[in-house]
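Notes for the one structure printed next.
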Amino acid sequence: DTEVTQTPKHLVMGMTNKKSLKCEQHMGHRAMYWYKQKAKKPPELMFVYSYEKLSINESVPSRFSPECPNSSLLNLHLHALQPEDSALYLCASSQGAGNTIYFGEGSWLTVV
Amino acid sequence: LAKTTQPISMDSYEGQEVNITCSHNNIATNDYITWYQQFPSQGPRFIIQGYKTKVTNEVASLFIPADRKSSTLSLPRVSLSDTAVYYCLVGVRSYIPTFGRGTSLIVHP
Numbered sequence: 001d002t003e004v005t006q007t008p009k010h011l012v013m014g015m016t017n018k019k020s021l022k023c024e025q026h027m028g029h030r031a032m033y034w035y036k037q038k039a040k041k042p043p044e045l046m047f048v049y050s051y052e053k054l055s056i057n058e059s060v061p062s063r064f065s066p067e068c069p070n071s072s073l074l075n076l077h078l079h080a081l082q083p084e085d086s087a088l089y090l091c092a093s094s095q096g097a098g099n100t101i102y103f104g105e106g107s108w109l110t111v112v
Numbered sequence: 113l114a115k116t117t118q119p120i121s122m123d124s125y126e127g128q129e130v131n132i133t134c135s136h137n138n139i140a141t142n143d144y145i146t147w148y149q150q151f152p153s154q155g156p157r158f159i160i161q162g163y164k165t166k167v168t169n170e171v172a173s174l175f176i177p178a179d180r181k182s183s184t185l186s187l188p189r190v191s192l193s194d195t196a197v198y199y200c201l202v203g204v205r206s207y208i209p210t211f212g213r214g215t216s217l218i219v220h221p
């Protein structure tokens, strides 16, 4: 079983809503990631945090806002999303840069 | 970034050995090769990682030739539950882990 926990598992939101996806790991990992995955496509990297600081932003639109309150938690704040943002959002963590990445089960987001 | 190329799909039967090959011609000296398994509606699951020669764990084996321009994931005696998408990643150690298209494996009874 994965030790990366994501909540909620499913989220339906309107285009004017503000919501958040949450991710937690208790493996002592210092790097955390957000990926987006559309149906029948590979996961696409969105953000990387290292030691609680944003180190990589893969040109993600500002309607997605990541936050890393501490080394165990990672949030993805969502605002004014579009229907095409509907996807599986995956959180992952690794011991550090360049170490094996472990994924959570994902949060299914539907924007209506 | 090292780009990976895998077959889009493969078919097998229960009890057979399955070998999935990944090409990564521009792999960097310090890059590792990592394989993940993903079931529908679930996050990718780490299977195995290696740098050179052969690595084996309780789930699979990974064969890497001396030039490291390709790698082969070997799944012994597959079952129906091995039906999944398998991803080869190169460059995890370059800190920007990027997925290729993956190989959809279907195991038939």
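Residue numbers (the numbering used here), protein chains in the order written: chain Y, 1 to 112; chain H, 113 to 221.
No residue lacks a Cβ here, since even glycine has one placed at the ideal position from N, Cα and C.
In this text, all values refer to a predicted model and were calculated from it rather than measured experimentally.
Under the three-state reduction of DSSP output, H/Ser-193 falls in the helix class.
Of the candidates Y/Ala-80, Y/Ala-92, Y/Phe-47, Y/Ser-55, Y/Ala-80 places its Cα closest to the Cα of Y/Val-12.
Per DSSP, reduced to three states, the secondary structure at Y/Pro-69 is strand.
Counting C-beta pairs with one atom in each stretch, the region 190-199 of chain H and the region 150-167 of chain H have three or more that are closer than 8 Å, which means they touch. C-alpha of H/Ile-120 to C-alpha of H/Thr-215: approximately 5 Å in a straight line. Here H/Thr-184 has Asn-131, Thr-133, Phe-175 as same chain residues with Cβ atoms under 6 Å from its own Cβ, once five neighbours each way along the sequence are excluded. When beta bridges are read from the DSSP output, H/Ile-160 appears opposite H/Trp-147. By the CB criterion at 9 Å, H/Ser-186 and H/Val-219 fall outside the cutoff. With its beta carbon at least 9 Å from every one in chain Y, H/Tyr-125 lies outside the interface.
At the C-beta level, Y/Leu-90 and H/Gly-155 come within 9 Å of one another.
For the region 25-89 of chain Y, there is no continuous alpha helix (DSSP H) assignment of 4+ residues that stays within its boundaries. Beta-bridge analysis with DSSP links H/Phe-175 to H/Lys-166, H/Thr-184.
Y/Lys-19 is bridged by DSSP to Y/Leu-78. Taking the beta carbon of Y/Gly-106 as reference, the chain H residues within 8 Å of it are Ser-153, Gln-154, Gly-155, listed in sequence order. Pairing H/Lys-164 with H/Ala-178 gives a Cβ-Cβ distance under 9 Å. Taking the CA atoms as reference points, Y/Phe-47 sits about 8 Å from Y/Ser-55. At a beta-carbon threshold of 7 Å, none of the residues of chain H lie near Y/Tyr-49; the nearest stands roughly 12 Å away.
DSSP lists Y/Tyr-33, Y/Phe-103 as the bridge partner or partners of Y/Ala-92.
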